[in-house]
């Protein structure tokens, strides 16, 4: 059984002390840094843009996982291709030609993922499942940190896990939204490979303890 990967979401980090925050996360055992990009259109919030991504890339050697919550993912992906990010996911509802974007990412050696909102059924991705490197299951409605976990996400993870096993697909299952030590065990038992956590980690006085609690739940 492979180790559960923990991806702190920098959406909840102290951006006034980004250097020390990233250093602390690396020392605490984070596997991936999760970057939420919001445009104020697809979701009712703004986060940060490409200059900040470049700064994060300069500050850390950890893999960068970019989650695009934007109405024009093709434009954003065209700029991300040469920014040394390792993972990129977008929402299928935002682009008609998802397969083209997936292939563009894979040709650059970037892991390609699609994000599933709480109200989006798995069936909308069925034709794309063989091509995906990962699926990001949203367990809150996208746009803001510190929301309550939506329990039905566990069933969606379980269904994705069974589809993967039945069809020998290779995608990883990532979950984001309200992830804490209290639900991490259930998420992992359902089949989640990567746990994204924001406020649970960053509200902790000990990042190492918080990450270990998620990994070992």
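Numbering (this note's numbering), first residue to last: 213 to 429.
Beta carbons are placed, not taken as given, at the ideal position from N, Cα and C, and that holds for glycine.
What would DSSP say about residue i, mapped onto helix, strand or coil?
i, result
"residue 320", "coil"
"residue 231", "helix"
"residue 402", "helix"
"residue 346", "strand"
"residue 424", "helix"
"residue 222", "helix"
"residue 307", "coil"
"residue 279", "strand"
"residue 411", "helix"
"residue 302", "strand"
Would you grab the beta carbon distance between residue i and residue j for me? Rounded to a whole angstrom, and I think it's under 8 Å.
i, j, result
"residue 310", "residue 293", "Not really, about 17 Å apart at Cβ, beyond 8 Å."
"residue 354", "residue 281", "5 Å"
"residue 361", "residue 352", "7 Å"
"residue 317", "residue 289", "7 Å"
"residue 423", "residue 398", "In fact, because the Cβ distance is near 18 Å, the residues do not count as touching under 8 Å."
"residue 248", "residue 221", "6 Å"
"residue 246", "residue 219", "4 Å"
"residue 285", "residue 307", "5 Å"
For residue i, count neighbouring Cβ atoms within 10 angstroms of its own Cβ and tell me buried if that reaches 16, exposed if not.
i, result
"residue 395", "buried"
"residue 315", "exposed"
"residue 339", "exposed"
"residue 239", "exposed"
"residue 254", "buried"
"residue 337", "buried"
"residue 403", "buried"
"residue 291", "exposed"
"residue 400", "buried"
"residue 421", "exposed"
"residue 409", "buried"
"residue 364", "exposed"
"residue 319", "exposed"
"residue 251", "buried"
"residue 405", "buried"
"residue 389", "buried"
"residue 214", "exposed"
Measuring only from the beta carbon, is residue i closer than 8 Å to any heavy atom that is part of the ligand HEM?
i, result
"residue 417", "As presented, the structure is devoid of all ligands, the ligand HEM included, so that no description of it is given."
Please report whether the beta-carbon of residue i lies at a distance below 9 Å from any beta-carbon of chain C.
i, result
"residue 428", "In the displayed structure, chain C is absent; only one protein chain is listed."
Say whether the segment 365-376 touches the segment 411-429, bearing in mind that this needs 3 or more beta-carbon pairs closer than 8 Å, one atom from each stretch.
no
Could you name each continuous beta strand (DSSP E) segment of 3 residues or more that falls completely within the segment 224-277, going from the start of the chain to the end? Runs of the beta strand (DSSP E) lying entirely within the segment 224-277 and spanning at least 3 residues, in chain order: 245-250.
(Q) Contact between the segment 413-420 and the segment 261-281 is defined here as three or more beta-carbon pairs at a separation below 8 Å; is this criterion met? (A) no
(request) Kindly provide the ranges of any alpha helix (DSSP H) runs that are 4 or more residues long and lie completely inside the segment 364-403, ordered along the chain. (result) Runs of the alpha helix (DSSP H) inside the segment 364-403: 365-379 and 393-402.
**Asked** Are the segment 298-309 and the segment 256-269 touching by the rule of at least three beta carbon pairs closer than 8 Å?
**Response** no
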